[in-house]
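Numbering (my numbering), first residue to last: 853 to 991. Reading through the structure tokens given below for one structure.
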């Protein structure tokens, strides 16, 4: 696929299955995962997958790029203010959750988006870069 050719990172369902139950620590006390891993996490939970996946969440955001419902600054602020340990999750743990953490690293920690994604990818190999969903990059 084009994504894999451009990034060298596989985005196939088989990769996702091999990494099922993956909870990754991105920075000290800040974790990322998909929905299925959330019930076992002991800490603060930020959901970026919308109301259908908010059962365990302390805070929920409806991050739906295809529907123009994006407020990454609000998610980044929630990450910045949350107690540690904190987990940020979406459905699969590869798009919205990792993108939200990348935006937090960019806005609050001074990372470039490329460096933020590189850090996340080094800890969480199913990460997919979606720069076109982010406000400063999409124009």
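All C-beta atoms, glycine included, are put in the ideal place defined by N, C-alpha and C.
With a 10 Å radius around its C-beta and 16 neighbouring C-beta atoms as the bar for buried, classify residue 913 as buried or exposed.
Counting from one through the chain shown, the residue named residue 913 turns up at place 61. Buried, by the Cβ-count rule.
Assigned exposure category for residue 974 - 16 Cβ within 10 Å defines buried:
One-based indexing of the chain shown puts residue 974 at position 122. Exposed.
Under the three-state reduction of DSSP, which class applies to residue 946: helix, strand or coil?
As a position in the chain shown, residue 946 is number 94, starting the count at 1. Residue 946: coil per DSSP, three-state reduction.
Member of 976, 985, 980 whose CA lies at the smallest distance from the CA of residue 876:
Position 24 of the chain shown, counted from the start, is the residue given in the question as residue 876. Closest option to residue 876, Cα to Cα, is 976.
Classify residue 883 as buried or exposed, calling it buried when 16 or more other Cβ atoms lie within 10 Å of its own Cβ.
Along the chain shown, read from residue 1 onward, the residue named residue 883 stands at position 31. Buried.
Assign residue 885 to one of three DSSP states: helix, strand, or coil.
Counting from one through the chain shown, the residue named residue 885 turns up at place 33. Reduced to three states, the DSSP call for residue 885 is strand.
For the alpha helix (DSSP H) containing residue 927, list its first residue and its last residue.
By 1-based counting over the chain shown, the position of residue 927 is 75. First-last of the alpha helix (DSSP H) with residue 927: 924 to 933.
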